[in-house]
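Following: one structure in C-alpha cells, then a few remarks.
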Amino acid sequence: MKNILFYLALFLVTSSLFAQQGINYKAIILDNGTVLQNQVVQVQFSVLENGTILEYKETQSATTDANGIIILSIGEGTPVSGLYDDIGWYNELFLKVEIDTGSGYEDFGTTAFKTVPYAIYAENGNGAKKLNQLADVNGDLTSLYLGNYSGTSEIGGNLDNSALGNYSLKENLNGSGNNAIGVFSLQNNTTGSYNTANGAGTLYNNISGTRNTSLGAYSGHNSIGDSNVFIGYRSGYNETGSSKLYIENTDSNTPLIGGDFNTNEVTINGSIAIIDGTEGAAKVLTSDANGKATWEVLSTSSVGQINDLSNGKTDTYSVFLGNQSGDADDGDNWNTAVGNSTLTSNTSGIGNSAIGYGALYYNTAGLSNVAIGTQTLLQNQNGNSNVAIGNEALRFNVNGNENISIGHKAGFETLGNGNIFIGHRSGYNELGSNKLYIENSDSGIPLIGGDFSANQVTINGALNVTGNVTGNVAGDVTGDLTGDVIGNVDGNITATHSGTADMKAYLFGSVGTNGVTFAASSSDGFTSMLMGTGDFKVSSTGLVSYTVIATMRDGFIGFITVDKFAHEFRITTYNISGAVENRAFDFVVFKK
Numbered sequence: 081m082k083n084i085l086f087y088l089a090l091f092l093v094t095s096s097l098f099a100q101q102g103i104n105y106k107a108i109i110l111d112n113g114t115v116l117q118n119q120v121v122q123v124q125f126s127v128l129e130n131g132t133i134l135e136y137k138e139t140q141s142a143t144t145d146a147n148g149i150i151i152l153s154i155g156e157g158t159p160v161s162g163l164y165d166d167i168g169w170y171n172e173l174f175l176k177v178e179i180d181t182g183s184g185y186e187d188f189g190t191t192a193f194k195t196v197p198y199a200i201y202a203e204n205g206n207g208a209k210k211l212n213q214l215a216d217v218n219g220d221l222t223s224l225y226l227g228n229y230s231g232t233s234e235i236g237g238n239l240d241n242s243a244l245g246n247y248s249l250k251e252n253l254n255g256s257g258n259n260a261i262g263v264f265s266l267q268n269n270t271t272g273s274y275n276t277a278n279g280a281g282t283l284y285n286n287i288s289g290t291r292n293t294s295l296g297a298y299s300g301h302n303s304i305g306d307s308n309v310f311i312g313y314r315s316g317y318n319e320t321g322s323s324k325l326y327i328e329n330t331d332s333n334t335p336l337i338g339g340d341f342n343t344n345e346v347t348i349n350g351s352i353a354i355i356d357g358t359e360g361a362a363k364v365l366t367s368d369a370n371g372k373a374t375w376e377v378l379s380t381s382s383v384g385q386i387n388d389l390s391n392g393k394t395d396t397y398s399v400f401l402g403n404q405s406g407d408a409d410d411g412d413n414w415n416t417a418v419g420n421s422t423l424t425s426n427t428s429g430i431g432n433s434a435i436g437y438g439a440l441y442y443n444t445a446g447l448s449n450v451a452i453g454t455q456t457l458l459q460n461q462n463g464n465s466n467v468a469i470g471n472e473a474l475r476f477n478v479n480g481n482e483n484i485s486i487g488h489k490a491g492f493e494t495l496g497n498g499n500i501f502i503g504h505r506s507g508y509n510e511l512g513s514n515k516l517y518i519e520n521s522d523s524g525i526p527l528i529g530g531d532f533s534a535n536q537v538t539i540n541g542a543l544n545v546t547g548n549v550t551g552n553v554a555g556d557v558t559g560d561l562t563g564d565v566i567g568n569v570d571g572n573i574t575a576t577h578s579g580t581a582d583m584k585a586y587l588f589g590s591v592g593t594n595g596v597t598f599a600a601s602s603s604d605g606f607t608s609m610l611m612g613t614g615d616f617k618v619s620s621t622g623l624v625s626y627t628v629i630a631t632m633r634d635g636f637i638g639f640i641t642v643d644k645f646a647h648e649f650r651i652t653t654y655n656i657s658g659a660v661e662n663r664a665f666d667f668v669v670f671k672k
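Position 506 (the sequence shown) corresponds to 586 in my numbering; numbering is contiguous.
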C-alpha cells in the first residue's frame, strides 16, 4: 500500500472569459515516504452538501512531476454525478478526495470548503445575469421572490410583492404589495397586504393583517392585527392587536416608546433627556431658522408675525396659516383659516372661519361659515351661515344655508337649508331642509327627529321623565303629540280634563264581515283585520287620546262594543240575540 500525502488542496479560483471557473488542487504523492515520480494517478473529487449529500463527482488523470507533485483544476474533469455549474455554493459544502495509484481508489478524507468556492458564488450571482431573467413565480410578472421556498404558495398574479430570504412570504396566496426581507419574514402570510417586514422572522405569524411595518429580527412575530409599527429586535413580539407602536429591543410588552394610533397616544416608559451642553433648569427647547434646536431661557418678548412663517400670511382683516391656505383670497374679507388647503379657493366670501385640512376648500363666495375639522364643508361654494364641527361634517353641502352639523360626517350629503344634525354621522343621507337629527349613526330614523317647517318633533323610542313636569299637557303643545306618551311614572300625574270640545274627525272607515276595508268609503292611515269571530282590530300610529264611534253597516241589527288602546282599537260585533257574530260596521275616530 502506497503512502500518499496531499496538501494545498484549495487555494485559487481559475477562470477565463469563455471557460467555467475551476478550483486549483495541488498534492504531493509519496510511496512509503518516497516521492512517486513521473507516474500516472487517478483522482476522484466529490462535492458534498453538509458533508453527506452528494452534489457533484468527477474523475481526473494526472502525472506526477519529479517532485511527486500533481496540479489539477476541480471542475475540469470527467463528471460522474451532477453538473459542476449546478453546485449550490451558498450551502455548506465539503470536498472528498479519493486517489488511485494503481490498486484502486483510497479515501483521503473530507474537508470543508472555505473562502474560494464562496467567491465563485459571489462572482456568479448563482447564475443570474439580470433580475428579469429569473423565473417568475406562478406567472406573477410584478413580484420578486429570492430564496428557497420564498413565495412558493402564491396563486394570485401581478401582486407587486417583494421577498428576499428563505421561506419569506412562503404561504402567501394572494396578499399584495408586501415587502419581506429576511429568512422566515412574513412566512405564514396568506392574504395580508401592504405589509413591510425587515429582519429574520418579522411578522412571522401574520396571516391576513394589513399595513403593518416591522423592522428588526422577530419583531411583530405573533402579530395578527393591522396597521402596527414595530421597530427593534423582538419589538412587539407578543402584540396581537392593531394600530400599535413599539420601539424596543426586547419582547417586552411595555416598550421604551409605545403608542396607539387609534387614540393618537404615545407612551414613553422612561425619562426623556436632550443633552447638548446648553441644558439647564427652567429652559425650553427652541430652534433657529435652520431647524437647529438648543435649550434657551424662556423669553418674555413678543412673538414674531404670522407673515414670518413660510406657510402663513395675514393683513389687517384676514389670517391664513397652512400650505395653500387662502391662496386665492385678497386678504380683505375678514376670513380666518388654519390648516393645509383651508379656504384655498375663496375669492369673495366674507367672515368665514376654517380650521383643519381641506376645510371650506372650494368655498368661493360663501359668507359667515364656520368649519372645524378635516374636510368640513369641503364642497361648499356659495352656502352661507353654516356651522360644521367634526371631520367631514357637511362635506357635500354646496349652496345650502344656515345648517348646523356637529359630529363626524354629520350631514355628510346634505344639500338643503336650515338643518340641525347632532351626533356621529347624524343626518348622513338627508337631502331636505329644516330637519332635526339627534342620532349617533347614519340611520334615517333618528332617536330624536324633527321638522322645523311643520313644528314637529318625533321621538323614536321611549320618553322617560325624572322630576316634576308642569304646564298644560307637560308644556304647551300646539299640534299633534305622537308616540307612547307615558311609560313608567314614579310620582304623581295631575291633569285637567279638556272634555270633548274641539274634537275633529281623524279617521273613518267601513269594514266588511271578513275584516277587509271598503276603500271607497274609508280614509287612509289605518289597517283593519278580522282576529276571530266577531273580533276586529283597527290600527293606526296616530291613535292616542281619541274617541271612536261605531255602528252596524247596511241594515245589520245587533250590538257593538269598542275597546281602545294606544295605536289600535278592537270592535266586537253581536247579533240581536247577543251572540258574537261577524257583522259589517262603520266607524269614525275623533281627535283634538
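Positions of the beta carbon are idealized from the N, C-alpha and C atoms, including for glycine.
Straight-line Cα distance separating residue j from residue i
| i | j | result |
| --- | --- | --- |
| Phe-645 | Asp-634 | 27 Å |
| Leu-116 | Ala-146 | 8 Å |
| Phe-492 | Leu-527 | 18 Å |
| Ser-307 | Ser-299 | 14 Å |
| Asn-520 | Gly-470 | 13 Å |
| Ser-578 | Leu-623 | The predicted position of Ser-578 is uncertain, since its pLDDT is 49 and thus under 50; a value taken from the coordinates is nonetheless stated next. Rounded to the nearest angstrom, the two C-alpha atoms are 18 Å apart. |
| Thr-494 | Val-399 | 29 Å |
| Tyr-225 | Asp-368 | 47 Å |
| Glu-138 | Leu-175 | 11 Å |
| Lys-515 | Asn-477 | 15 Å |
| Gly-281 | Gly-316 | 12 Å |
| Asp-328 | Gly-339 | Before going further, note that residue 328 is Glu rather than Asp in the sequence given. Whole-angstrom Cα-Cα distance: 12 Å. |
| Gly-102 | Ser-153 | 5 Å |
| Arg-475 | Val-628 | 49 Å |
| Thr-158 | Gln-140 | 6 Å |
| Ala-599 | Gly-498 | 39 Å |
| Thr-546 | Thr-538 | 20 Å |
| Ala-554 | Gln-536 | Reliability fails at Ala-554, whose pLDDT of 44 lies under 50, so the model's placement of it is uncertain and the value that follows must be treated cautiously. About 16 Å. |
| Thr-330 | Asp-522 | 44 Å |
| Ile-151 | Leu-295 | 50 Å |
| Asn-258 | Val-160 | 44 Å |
| Asn-268 | Glu-251 | 5 Å |
| Ser-233 | Ser-513 | 56 Å |
| Gly-589 | Val-642 | 15 Å |
| Ser-421 | Ile-452 | 13 Å |
| Val-669 | Ile-430 | 55 Å |
| Gly-34 | Ile-500 | Lying before the first or after the last residue shown, residue 34 is absent from the chain, which here runs from 81 to 672. |
| Tyr-136 | Leu-221 | 33 Å |
| Ala-664 | Asn-509 | 45 Å |
C-beta atoms of residue i and residue j nearer than 7 Å
| i | j | result |
| --- | --- | --- |
| Ile-108 | Gly-155 | no |
| Asp-666 | Thr-631 | yes |
| Asn-432 | Asn-415 | yes |
| Ala-260 | Leu-266 | yes |
| Lys-671 | Tyr-626 | yes |
| Gln-119 | Thr-144 | yes |
| Ile-348 | Ile-355 | no |
| Leu-239 | Ser-223 | yes |
| Lys-363 | Val-377 | yes |
Element boundaries [beta strand (DSSP E), containing residue i]
| i | result |
| --- | --- |
| Arg-650 | 648 to 654 |
| Phe-400 | 399 to 401 |
| Trp-375 | 373 to 377 |
| Asp-412 | Note, Asp-412: premise wrong, no beta strand (DSSP E); not H, not E. |
| Tyr-105 | 102 to 108 |
| Ser-294 | 293 to 295 |
| Leu-457 | Unbroken run through Leu-457: none, as it is neither H nor E. |
| Gly-608 | With the sequence shown as reference, residue 608 is identified as Ser, and Gly is not the correct amino acid for it. Here the beta strand (DSSP E) through Ser-608 covers 607 to 612. |
| Phe-667 | 665 to 671 |
| Tyr-136 | 133 to 143 |
| Thr-158 | 158 to 161 |
| Ser-303 | It is not in any beta strand (DSSP E) - Ser-303 carries neither H nor E in the DSSP assignment. |
Neighbourhood of residue i by C-beta distance below 8 Å, restricted to the same chain and skipping five residues each side
| i | result |
| --- | --- |
| Ser-428 | Asn-413, Thr-444, Ala-445 |
| Glu-661 | Thr-613, Gly-614, Gly-638, Thr-653, Tyr-654, Asn-655 |
Proximity test, Cβ basis, 7 Å: residue i and chain C
| i | result |
| --- | --- |
| Leu-516 | Of the protein chains in the structure, only one exists, and it is not chain C. |
Sequence-distant residues of the same chain with beta carbon closer than 7 Å to residue i, five excluded per side
| i | result |
| --- | --- |
| Gly-131 | Phe-174, Thr-190 |
| Ile-518 | Ile-502, Gly-503, Ser-506, Pro-526, Leu-527, Ile-528 |
| Val-569 | Low confidence applies to Val-569: its pLDDT is 45, below 50, so where it sits in the model is not reliable enough to give any reading. |
Cut-off 6 Å between Cβ atoms - residues of its own chain near residue i, not counting five sequence neighbours on either side
| i | result |
| --- | --- |
| Val-618 | Phe-606, Ser-608, Phe-649 |
| Ser-425 | Ala-408, Tyr-442, Thr-444 |
| Ala-468 | Ala-451, Thr-456, Leu-457, Leu-474, Ser-485 |
| Gly-463 | Gly-446, Asn-477, Asn-479, Gly-480, Asn-481 |
Cβ contact check for the segment 474 to 490 and the segment 456 to 463: 3 or more pairs under 8 Å: yes
Below 8 Å, can you find three or more Cβ-Cβ pairs linking the segment 282 to 294 to the segment 256 to 273? Segments in contact, yes.
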